[in-house]
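This report concerns only the one structure given below.
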Amino acid sequence: MKRCRYPSTVARDFDSNIFRECQKILSLPLPKIYKHLIQILDDKNNAINISHNQHNSNLSINTVHDMKLLCILRYILDIPPNESTVVLFGWYVINNLVPLPTIFYYVHQLTMLLPDGISLFALFAQAIITRLPKYCFICKYLLSLPSLQFTHNELHIVLSQVARDSFPFEICDHKNHYVIPTNRPFYPEIRTITAPPLFPLNAPLIQLKPNIFASIEFAATLPADDQRLFCVNLCLTYSPPSVKLRFLPLLSAACGYTRLLLFDSSHLAWSAFEIHPQLERMANWISALSVEHGPPPPLYLLNIPLLVRECAAIGSLSHCLVFLIALFSKTANSPNNQYNLPNPLTVSILSVLAAVYNVKGIRTDIKALIEKFCGLFKTEINYFYSHDILIPPNSFDISANFQSVGAQSIFQPSAMKNLNNKSWAVHDSINDSVVHAYFHYVPNRGMLPLDLQELCANAQKIEKYYFVDGTSHTFRSFKSFKSFNTIKTLKSSLKYSQESDQEMLQCFVSLALADSPILAKNSAVLFKKATKRMTSMIDLCPLFRCAFPNRYILAASLERNCFAPEDVNSLFSELLTNSKTAPIAGPMISSFMPMVYQFCKDYPFTSVKLILSLSKHSSNPLTKTTNTNFISGNNRVTGNLNQNANNASTVNDGLTQERVLPTPLKSHAPILKSFLEFSVQKTENTRNDFLSKVSKASVPQIISLFSFVFGVTQKKKSAKCPTTTDYSAIDGLCWSLGLSDNRFNNDKLNSNCFSAATAIAPESPPLLLFRLINGLLTHLQVQSKYLIKDLLENLSPSKMPSFAICWMQLVMHHEALPSFIDSNDRVLSQFCLNFLLLCIKLIIIMPDVFYRGVTRIFMTVASSAPKFLVSYHSLLLENLPFQFIQIRNIILNATPTTSEIVSLLKQNNSSLIDDFAIDINEIESPQESEKVNKLLNHLMPPIGFNYEDSLHAKGMCVVTEKAFQSKETASIAKFISTIIKRVTNEQTNFGLTLPKVIYQFVLFSMNKEIHYGSQNNQQYGKINNNNKSHNKSGKNLIQEMFIAIQNLCDEKTLVNLYNAILDQIRYPNIHTTIASELITKLFERGNKFKRELIYVTILKRMMCVTQPPTALKITFKGLATRYKKDIERFFRENGEISTYNRAQKFLRKFM
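Under my numbering, the first residue of the sequence shown carries the number 437, and numbering increases by one thereafter.
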């Protein structure tokens, strides 16, 4: 009880002497606490007896004892439930010292801890076991818990009897009945393992007979050793039959070979994953010989629970789980499965696996396999956690750890550690800072030659002032960097460098590992040039265990054979099976694997493939899902698209993929014949015959038509089609279906065509399917846009990842996205928004494949339907990473057209409407400007989200509202800054996206400034070139608040805050004016560091190939003009004046 935190209210509610005495009692060990409680209760009873005998009505003595017991009870109730408090409260209950409502309250508190708190609930039941018949509701509730019979079997039996037959326990002294919690027992340590029998070496292999049964008969005639080898060969050659077999030597050989595989696998590390097919085959045979038709194998042949414990001791548990899943998978699907719970064998296996599952540091793939095994029996693994198990910390089943050696953090496999002691305790030495340093390596410039130090410094300047935070295609190609003399000198000097200069190669690799795309890409090129003619290579595996390789250096090292495939497989497998590194490394490794296969064509990478496939179907959060209608299913977009990254960029492979199309049915021959005749001879008779048949065609008939035209499409030049593939059959069918649709106005035909396309899509080559869907959208006259929406959702990347690029083009069809936006329908607008959010997710996952296409999509939407980006810009910007500045500028540059503004104002009877067109830049009245701004936010229908949800959850709305009402906004700066700093520190993807709370707070504050500013007659003018549009009342509430917040925030928080403010600078409106004035005021009131940060944040947006909004240009020009000397001074102090001058020269072209 020493570690309990006592609430301060107890000291105020009780006398100080009683409080100190109770505090002293509760600081003792639990047995001594019981002794003091018993003594207090005895003293109370004695005092009551004495007072009755003496007929004394003075109860002050009794009151003291009661207050002591009550004070201790208050402590117990106020402390969060733990083992000590639970048993102490149980002692109070059995001695009738607690009223029934308080018992109900405490039981409710325990139920809130379930299912993890089942041990506390069971401990409470044991503490009140002598009073259980009095509290039947507790018995019934505990019996309803499915895990109780497995974790606390004896208690389950007692509760069952009490609930069934209400009988009192024998008379006992409740005062002296108490429970001392005990630690969870351990499984006995495995000290010796009986080695499986070895098979004779160089023994001649006996030829198998033509079938299984003849081979079994022949095996009975062989000597013992030859028989065992012959039976193993038989199991590996033939699959087990479905009939029941009884041949004990065959079962014995399969069990022996299984144990031999499992024990030998402990020495093979990640290469042991290649024996999984043999383990599964042995499991199938053992299942056919025993489990499927009766009891399990005899214990002397295969003790399965003991086998699991032995595998856990030697580090081959993942392979044992593959065996177990295959062993019970067939019986689990049987309706009469005798191994369902509570079968003792199943419970014993699950108990061992539950102990393994709760070992700290166990590999994530082992956890996923355990969950998969539990899924066979439709149960949860934590139901069986009744014991602990000892696993060596250097076991292969424990995930690799980071070790600090000097100034480096080495990612070292646990199985290779040199242990100084034989402690069985597992210590988790990985923390977030070490993991971040491993994945974001920064080279030590002081250890590099002078020319490389100059290269590193110049790259850092470009990153700082030219916003190169991501892939290079996001931004303008800078000729200034390519003209650096450093790179030219290095590239030319490589011709004269010695081939054995290993130190120079290490420097190149160190720079290529840097968390800087410009530096990493150029250093990888230098490394490839330096190693082009080298005969002796360096091994980069140890270095990659200190810093994770990026795409550039990984490709270079694989091409130059400096990173062995075995080491690649080992490193990637260890990263994927570590709970701390898997969420970060998983998506990276998935995107690297196509490139790795390209350079290492002969190596299987078995463990990486199995772990990646396992993680996609498990609850392990290697990837995150997006809350959209068509992004679901364990994030299949992320996993499958990464696997198909190479194929996604060249969709020409779509025609040659091996897919099995459904064969046209013979019963559909009439409609096929009619289509052929109409295609060959376009006469009136053939036309009428085909149109009459196809207008009544069912979905299977249309599927036959689609399969037929797919089958006749070939790769050849045609005069009718300029491509290398002749699509005339598909185009002709779509045109013919369009004729029927135009003639009969057949909605049923449209629905059947789309249903048939959805049905045939999984088996169709992507290019042919794209041509078909595009033709249907072009020629069919679809009245209901919901049919098109449903079709596109069924073909989305979450369901067909290999069709992603084609699907994006189909969504941009004039009958799809543009038509959906023009309809102003809420459901269709939701689809369009989900589509753009998915496009953003795709460029985050694979920018090299999707960036150009997604950028064109946003440019198209901005030019053809700017009202969509105007209405939903907040949702899009919240999910868009900072480095995609080009797309960010496209969204912010979207301006509603004049016709849309006039239409809105007419609908709301605005006084601004005249007979001539109106320009949004000419609206000067603040009241009308605010009104127009509110209307523009509703150009599209609302989707159903609330920007203030996150703020309400943190209490920021109420506080901010009151601050604006009282005009004391600076007073809440500390409260607000604390929240946004915590949100920034909790941000796992810092530097990628803007935290929603910060963005919503900035927007909410501006809305309140508009509301209360207009009440106080504050005026906001337009932004001019001098940026002198400050309100005229003298006191600005939002500026005072943000200046105070700025003074309390660190650099990371300020980056998010400044970006959130800049995201409000769009087309001319009142929000743009407030945001421009606010960022200017923050610049004026900031110190040198904050000014530099604001200037660089705006400069990043100004240097993009797609220009930012005009309002931001004016704001930037105003700052650069009014504070030119200050800006030049802090650039000169940083030694970066030349970089500043180049940036200014570049910007003059656009200003």
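Just so it is clear, CB atoms sit at the ideal spot from N, CA and C, and this is done for glycine as well.
A quick note: this is a predicted structure, and the numbers were derived from the prediction, not measured.
- Message: Using the three-state DSSP reduction, which class does Ser1026 fall into: helix, strand or coil?
- Response: DSSP places Ser1026 within a helical segment (H, G or I) once states are collapsed to three.
- Message: Mapping the DSSP letters down to three states, classify Ser784 as helix, strand or coil.
- Response: Of the three classes helix, strand and coil, the one that applies to Ser784 here is helix, per DSSP.
- Would you call the CB atoms of Leu464 and Lys480 closer than 9 Å? The answer is no: Cβ separation not under 9 Å.
- Going by DSSP, name the residue or residues bridged to Phe838. As computed with DSSP, Phe838 is found in a beta bridge with Phe847.
- Task: Determine the DSSP secondary structure at Ala475, reduced to helix, strand or coil.
- Result: Here the sequence assigns Gln to residue 475, which means Ala is not the residue at that position. DSSP, reduced to helix, strand and coil, places Gln475 within a helical segment of the structure shown.
- Query: Do you know whose CA, among Gln1219, Pro1202, Ile1563, lies nearest Lys1184's CA?
  - Reply: Cα-wise, what sits closest to Lys1184 is Gln1219.
- Excluding the 5 residues preceding and the 5 following Leu947 in the sequence, name in chain order all residues of the same chain whose CB lies nearer than 6 Å to its CB. The beta carbon of Leu947 sits closer than 6 Å to those of Pro879, Leu955, Ser959, all from its chain and outside the five residues before and after it, given in chain order.
- From what residue to what residue does the alpha helix (DSSP H) around Tyr1163 run? DSSP places Tyr1163 in no alpha helix (DSSP H); its state is neither H nor E.
- In the DSSP assignment, find the unbroken alpha helix (DSSP H) run with Glu457 in it and report its ends. Per DSSP, Glu457 belongs to the alpha helix (DSSP H) from 452 to 462.
- For Gly1571, does the three-state DSSP call read helix, strand or coil? Looking at Gly1571 - three-state DSSP - the assignment turns out to be coil, as it is neither helix nor strand.
- Message: Contact between the region 642 to 653 and the region 695 to 702 is defined here as three or more beta-carbon pairs at a separation below 8 Å; is this criterion met?
- Response: Not touching, per the Cβ criterion.
- Closest residue to Leu687 among Met1248, Phe1318, Arg664 (Cα-Cα distance): Checked all of Met1248, Phe1318, Arg664; the closest Cα to Leu687 is Arg664.
- Message: Can you tell me whether Lys1589 is buried or exposed? The criterion is at least 16 other CB atoms within 10 Å of its CB, across all chains shown.
- Response: Since the first residue shown for the chain is 437 and the last is 1587, residue 1589 is missing from the structure and cannot be characterised.
- Message: Please give me, in chain order, every unbroken run of the alpha helix (DSSP H) with length at least 4 that falls completely inside the region 960 to 992.
- Response: If only complete runs of 4 or more residues are kept, the region 960 to 992 shows the alpha helix (DSSP H) at 977 to 980, in order along the chain.
- Task: Could you have a look at Ile626 and say whether DSSP puts it in helix, strand or coil?
- Result: DSSP places Ile626 in coil when its eight states are reduced to three.
- What are the start and end residues of each continuous alpha helix (DSSP H) run of 4 or more residues lying completely inside the region 719 to 787, in chain order? Counting only runs of 4 or more residues that sit fully inside the region 719 to 787, the alpha helix (DSSP H) segments are 740 to 750, 753 to 768, in chain order.
- Message: Which same chain residues end up closer than 7 Å to Glu746 when comparing Cβ atoms and leaving out the 5 residues on each side of it in sequence?
- Response: Around Glu746: Ile626, Ile629.
- Query: Leaving out the 5 sequence neighbours to the left and right, which residues in its chain are closer than 6 Å to Cys431 when beta-carbon positions are compared?
  - Reply: Examination of residue 431 is not possible in this model, given that the chain is present from 437 through 1587 alone.
- For Ile1474, the three-state DSSP class (helix, strand or coil): The answer is helix: DSSP assigns Ile1474 an H, G or I state.
- Can you tell me whether DSSP reads Ile1446 as helix, strand or coil? Secondary structure of Ile1446 (DSSP, three-state): helix.
- If we call anything under 9 Å between Cβ atoms a contact, is Pro731 one with Ile740? No, Cβ-Cβ distance for Pro731 and Ile740 is not below 9 Å.
- Going by alpha carbons, who is nearest to Thr1508 out of Thr1331, Pro828, Asn1260, Pro467? It is Thr1331.
- Message: Alpha carbons only, please: which of Asn518, Val1532, Ser1238 is nearest the one belonging to Gln1580?
- Response: Put simply, of Asn518, Val1532, Ser1238 the residue whose alpha carbon is nearest the alpha carbon of Gln1580 is Val1532.
- Could you tell me whether the region 785 to 795 touches the region 816 to 834, where touching means 3 or more Cβ pairs closer than 8 Å? At 8 Å Cβ cutoff, the stretches touch.
- Can we say the region 1472 to 1485 touches the region 1405 to 1416, given the rule of at least three CB pairs closer than 8 Å? The region 1472 to 1485, when compared against the region 1405 to 1416, does touch it at the 8 Å Cβ threshold.
- Straight-line CA distance for Leu1048 to Ser1027? If I take the Cα positions, the gap works out to 11 Å.
- Message: Between Phe984 and Phe963, how many whole angstroms is the CB-CB distance? I'm expecting something under 8 Å.
- Response: Contact flag wrong, Cβ pair sits at about 17 Å.
- Quick one: what's Leu798 bridged to in DSSP? Position check: residue 798 holds Ile in this sequence, whereas Leu was assumed. Answer is Ile834.
- Query: DSSP on Asp824, reduced to helix/strand/coil?
  - Reply: Strand, per DSSP.
- Query: Could you give the residue range of the alpha helix (DSSP H) that holds Phe1126?
  - Reply: For Phe1126, the enclosing alpha helix (DSSP H) covers residues 1120 to 1130.
- Message: Can you tell me where the alpha helix (DSSP H) holding Tyr541 begins and where it ends?
- Response: Where Tyr541 is concerned, the enclosing alpha helix (DSSP H) stretches over 536 to 547.
- Query: With C-beta atoms as the reference, is Leu990 less than 9 Å away from Val1032?
  - Reply: Yes.
- Query: Sorted by chain position, which residues of the same chain lie with C-beta nearer than 7 Å to Pro517's C-beta, five sequence neighbours on each side aside?
  - Reply: For Pro517, where only same-chain residues beyond five positions count, the Cβ hits under 7 Å are Gln545, Leu546, Leu549, Leu556.
- Is Asn1014 buried or exposed, if buried means 16 or more other CB atoms sit within 10 Å of its CB? Classification of Asn1014: buried, given that the 10 Å Cβ count is 16 or more.
- Query: Nearest to Ser707 by alpha carbon, out of Ala719, Val679, His755, Leu725?
  - Reply: Checking every option, the nearest Cα to that of Ser707 belongs to His755.
- Query: Sorted by chain position, which residues of the same chain lie with C-beta nearer than 6 Å to Ser1115's C-beta, five sequence neighbours on each side aside?
  - Reply: Short of 6 Å from the beta carbon of Ser1115, and not among the five residues preceding or following it, lie these beta carbons of its own chain, in chain order: Gly1168.
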